[in-house]
Amino acid sequence: MTDAIRTDALGKTYPTGTVAVKDVTLTVRPGEIFGFLGPNGAGKTTTISMLTTVLRPTSGRAEVDGIDVARYPGRVRRRIGLVFQRSTADEVLTGRENLEVAAGLYGLSPAEARPRIRELLDHLDLGDAADRRVRGYSGGMRRRLEIAAGIVHSPRILFLDEPTLGLDPQGRAEFWEFVRDLRRRQELTVFLTTHYLDEADRLADRISIIDHGQLLTTGTPGELKDRLGGDLLVVRPARAGDGIVRVLESIPGIANVDPPAPDGAYRMHVARGESMVPSVVRACDAAGIELATVSARSPSLDDVFLTMTGREYRENADALENGHTHSP
Amino acid sequence: MYREFVTVLRREYLRWVRVPIWVASYFVVPILYLVLFGQAFNLNNLFPTGPAGEFYVRQALLGAPNYFSYFAVGMAAFVTLTATLYAGTGILFDKQLGIHQRTVATPAPRTALFAGSLTFRAFMAAWPAFLSLGVAVLFLRVPGLVGLSVRSSVSALGLGEVLLAEALLALMFTAVFLSFGYLLDSNEAYFGITSLLNLPILFTSNAMFPQSTMPAWLQNVTAYNPASLAVNVMRENLFNTSGYPYPPGIYLLGLFAWAAALIGIALYLSARALRVP
Ligand SMILES: Nc1ncnc2c1ncn2[C@@H]1O[C@H](COP(=O)(O)OP(=O)(O)OP(=O)(O)O)[C@@H](O)[C@H]1O
Ligand SMILES: [Mg+2]
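Going down the list, the protein sequences come from chains A and B. Mapped onto the numbering used here, the consecutive letters of the first sequence carry residue numbers 1 to 328. Mapped onto the numbering used here, the consecutive letters of the second sequence carry residue numbers 1 to 277.
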């Protein structure tokens, strides 16, 4: 079976000299939801633009559904759907008319388009607003209309550039459900970029992390976290006191205990967190240390990003949400 | 190709009908221009009355029965020019609103997109010219107004030539302003250019004033101005004219040449604007 997407050392240097994407090699399998995660300015839009033929690569190559994007852009365009980071709807047209225009530009006849559009409008909860002008739509309705326009021609591969940017948490959760549902209903590969860690974690089957134009790592969210080695164990004593560090470090399997966090909790990397909990409880009991809580959790993608770049991911994301504007 | 073309036509049409003031302007502008300019600038009143005056008028106007009739035909060309001034704004706004980006990402043939915009905008520039001519004829029946008197024996071929001249003029002016839409990104630059071109195109033509009243250098420019060529075709067919150096067919050839060149440039610029960077 052909890979849905395959890139080989794909790169883009803008005429300004900015190296936006450098030697990106990745494979996306048919039917998967692939997350392309990276902070502001990482090169997500540049990469998705090359894959969708709206930007020419300056090095390397990319194939979408087995077709070279640089050589046969027309054939690629017919097979893919594209949802942009910014709205592309025509404000004075109704939602339905916007979809009719989108369908027409993909060469669908009105007879083919009409039932498909009705189905999409219903499915996306836009049925009631279908014949109102887009000017009066809410942010969430616009996003859904964008998605409908991106899949009106039933593409095999759907590209989404930061599809949930600007949606509230509930809107984002609804959107994730919608994407999963879409994939259940039809044979569809989804390639989406996001700067939300939780989105990549919860929605994507596999993810790549990109930073400063370079691919850091690729895998399932679970694999990426596993590569960090095990779990994070969090132990909070009932009262402050430094005797606990010695006790914890004497337990086989615990090597290094970080200084306590402001809430008094000690964190440590361990191979298998759940199975360490009884040992910790026994050892502390024996040493007469009273515990408030003991918990084990898997590392988050935050931890993955931190380990790979030495920077907190969160800072970037916060910068993004506070007044970040995007140019096309 | 055909479906994409029709889609562009339909979208342009919907965008137009959704803006009532825009729709109204297409009806009001030609009529207003005729009423205000036409009746105010009636140069007839400057000529001496009586048979000698009338002879003089006919000679200066190359056979048009009176100045208003002469002017009303020129006005058709001016109405077309005015209607095309905004032809490029659709493209400009599409670029600014991200709609252009979506269009680029579709497999729609680029020529279909261009042809759709050109056809719709040219049609929208041509019909108000005929509306304007029709209203000018109706003025004959309004007491107190001068109207457009055409000769009683206008042939079907003649009408066909009038239609063709008007269509070519609408197509080429549309192509010019579409070109600026493809070429530019800023609204200010676009409107700067349209206001720069608008009146010079009008005043270097014989749409409003007879060529014979102009200085020699201007007469040379005027002779090649496509608005003059179109107006010549129309006047030669609508009036009992005399004194035109060429028959309408020659002016039509000139119009074809202009249209081919200007549409060619616009097509090239549209392909360039839709090209992937
Ligand atoms: N047209 C352009 N010309 C020059 N440089 C550009 C252009 N577009 C993007 N860049 C630069 O390329 C880099 C990657 O930009 P890109 O838009 O791909 O990032 P992104 O991951 O999509 O970021 P965001 O989260 O802000 O959308 C940035 O440094 C950006 O400034
Ligand atoms: Mg982006």
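Don't be surprised by glycine CBs; every beta carbon is placed ideally from N, CA and C.
Quick one: what's got a C-beta closer than 6 Å to residue i's C-beta in the same chain, skipping five residues either side?
{"i": "A:S327", "result": "Legend: pLDDT at A:S327 = 38, less than 50; position of this residue unreliable, value from coordinates given subsequently. No residues qualify anywhere along the chain."}
{"i": "B:V162", "result": "M234 and N237"}
{"i": "B:S149", "result": "P65 and S69"}
{"i": "A:I209", "result": "L37, L216 and T217"}
{"i": "B:L145", "result": "F139"}
{"i": "B:I193", "result": "F180"}
{"i": "A:L233", "result": "M268, V270, G273, M276 and A296"}
{"i": "A:D258", "result": "R267"}
{"i": "B:L274", "result": "V104 and R110"}
{"i": "B:A122", "result": "A170, L171 and T174"}
{"i": "A:R236", "result": "G264, A265, A292 and T293"}
{"i": "B:A283", "result": "Outside the displayed range of chain B (1 to 277) lies residue 283 of chain B, so it cannot be described from this structure."}
Along the chain, where does the alpha helix (DSSP H) that runs through residue i open and close?
{"i": "B:A60", "result": "G50 to A60"}
{"i": "B:H100", "result": "I99 to A105"}
{"i": "B:L163", "result": "A156 to L183"}
{"i": "A:D211", "result": "Not the alpha helix (DSSP H): A:D211 falls in the beta strand (DSSP E), residues R206 to D211."}
{"i": "B:L133", "result": "R110 to L138"}
{"i": "B:Y13", "result": "Y2 to V17"}
{"i": "A:T47", "result": "K44 to L51"}
{"i": "A:P237", "result": "First-last for A:P237: D231 to P237, but that is the beta strand (DSSP E), not the alpha helix (DSSP H)."}
{"i": "B:F68", "result": "Y67 to T84"}
{"i": "A:D122", "result": "P110 to H123"}
{"i": "B:Q219", "result": "A216 to Y224"}
{"i": "A:D302", "result": "L301 to T309"}
Take residue i as the anchor and find which of the options has the nearest alpha-carbon.
{"i": "A:L231", "options": "A:V190, A:R267, A:L124 and A:T2", "result": "The displayed chain sequence assigns Asp, not Leu, to residue 231 of chain A. Minimum Cα distance to A:D231 is reached at A:R267."}
{"i": "A:P299", "options": "A:G229, A:W176 and A:D65", "result": "A:G229"}
{"i": "A:T88", "options": "A:I251, A:I5 and A:R142", "result": "A:R142"}
{"i": "B:P107", "options": "A:T193, A:G95, A:G81 and A:V28", "result": "A:G81"}
{"i": "A:A296", "options": "A:A286, A:F305 and A:V277", "result": "A:V277"}
{"i": "A:I48", "options": "A:G66, A:V21, A:G31 and A:E32", "result": "A:V21"}
{"i": "A:L160", "options": "A:L126, A:A200 and A:R132", "result": "A:A200"}
{"i": "A:D303", "options": "A:D226, A:E274, A:A255 and A:C284", "result": "A:D226"}
{"i": "B:L92", "options": "B:S186, B:I263 and B:V276", "result": "B:S186"}
{"i": "A:D8", "options": "A:Q85, A:R185, A:D181 and A:V64", "result": "A:V64"}
{"i": "B:F41", "options": "B:T119, B:M124, B:F209 and B:L97", "result": "B:F209"}
{"i": "B:Y26", "options": "B:F47, B:V79 and B:A207", "result": "B:V79"}
{"i": "B:S228", "options": "B:L252, B:W217 and B:A216", "result": "B:L252"}
{"i": "A:R239", "options": "A:T293, A:P115, A:N256 and A:F191", "result": "A:T293"}
{"i": "B:L32", "options": "B:L9, B:P128 and B:T84", "result": "B:P128"}
{"i": "A:S154", "options": "A:K44, A:P73, A:M1 and A:L108", "result": "A:L108"}
{"i": "B:G264", "options": "B:M214, B:L202, B:F123 and B:L118", "result": "B:L118"}
{"i": "A:L124", "options": "A:A102, A:R96 and A:P15", "result": "A:R96"}
{"i": "B:V8", "options": "A:D122, A:E100, A:Y137 and A:V280", "result": "A:E100"}
{"i": "B:A257", "options": "B:G74, B:N225 and B:V17", "result": "B:N225"}
{"i": "A:L203", "options": "A:R183, A:V280 and A:G213", "result": "A:R183"}
{"i": "B:A87", "options": "B:V176, B:A223 and B:L184", "result": "B:V176"}
{"i": "A:A102", "options": "A:V83, A:V152, A:T164 and A:Q170", "result": "A:V152"}
{"i": "B:L34", "options": "B:I201, B:Y182, B:Y268 and B:V135", "result": "B:V135"}
Excluding the five sequence neighbours on either side, which residues of its own chain have a C-beta within less than 8 Å of the C-beta of residue i, listed in chain order?
{"i": "A:N322", "result": "With a pLDDT of 42 at A:N322, under the threshold of 50, the modelled position of this residue cannot be trusted, and the question is left open."}
{"i": "A:A283", "result": "V247, L248, S250 and I251"}
{"i": "A:D3", "result": "T27, V28, R29, P30, E63 and G66"}
{"i": "A:R135", "result": "E91 and V92"}
Looking at ligand 3, does it come within less than 7 Å of residue i, judged from the CB to the closest heavy atom?
{"i": "A:G38", "result": "Ligand 3 is not part of this structure, which contains only ligand 1 and ligand 2."}
So residue i is in the beta strand (DSSP E); what residue range does that whole segment cover?
{"i": "A:E162", "result": "Careful: A:E162 lies outside any beta strand (DSSP E) and carries neither H nor E."}
{"i": "A:V83", "result": "I80 to V83"}
{"i": "A:L10", "result": "I5 to T13"}
{"i": "A:Y266", "result": "Y266 to V270"}
{"i": "A:Q170", "result": "It is not in any beta strand (DSSP E) - A:Q170 instead sits in the alpha helix (DSSP H) that spans P169 to R185."}
{"i": "A:D23", "result": "V19 to V28"}
{"i": "A:R132", "result": "From DSSP, A:R132 is part of no beta strand (DSSP E); its letter is neither H nor E."}
Could you name the residues of the same chain whose beta carbon sits closer than 7 Å to that of residue i, not counting the 5 residues immediately before and after it, in chain order?
{"i": "B:N240", "result": "G63 and R151"}
{"i": "A:D318", "result": "Confidence is the limiting factor: at A:D318 the pLDDT is only 46, short of 50, which leaves the residue's position unreliable, though a coordinate-based value still follows. Contacts found: none."}
{"i": "B:Y244", "result": "L62, N232 and E236"}
{"i": "A:T325", "result": "In this predicted model, A:T325 has a pLDDT of only 39, less than 50, meaning its place in the structure is not dependable; the value taken from the coordinates is given anyway. Excluding positions up to five away in sequence, the list is empty."}
{"i": "A:A129", "result": "G95, Y137 and M141"}
{"i": "B:V154", "result": "N237 and L238"}
For the stretch 167–181 of chain B, enumerate the residues whose C-beta is nearer than 9 Å to any C-beta of chain A, in chain order.
With the criterion set as a beta carbon lying under 9 Å from some beta carbon of chain A, the stretch 167–181 of chain B has no members that meet it.
Please list the residues of the stretch 12–28 of chain B that have a C-beta atom closer than 8 Å to any C-beta atom in chain A, keeping them in chain order.
Going along the stretch 12–28 of chain B in chain order, one finds L14, R15, R18 and V19 with a Cβ nearer than 8 Å to chain A.
Using a Cβ cut-off of 7 Å, which residues of the stretch 98–113 of chain A contact any Cβ in chain B, in chain order?
Listed by position along the chain: V101, G104, L105, Y106, G107 and S109.
Using a Cβ cut-off of 8 Å, which residues of the stretch 75–107 of chain B contact any Cβ in chain A, in chain order?
Contact residues of the stretch 75–107 of chain B toward chain A are L97, G98, I99, Q101, R102, T103, V104, A105, T106 and P107 (C-beta to C-beta distance below 8 Å).
Below 7 Å between beta carbons is the criterion; list the residues of the stretch 236–252 of chain A that meet it against any residue of chain B, in chain order.
Answer set for the stretch 236–252 of chain A: empty.
Could you list the residues in the stretch 33–56 of chain A with a C-beta less than 8 Å from some C-beta on chain B, going in chain order?
Cβ contacts with chain B come from T52, T53, V54, L55 and R56.
Mind checking the stretch 107–138 of chain B against chain A and listing, in chain order, the residues whose C-beta falls within less than 7 Å of any C-beta there?
Result list: P107 and A108.
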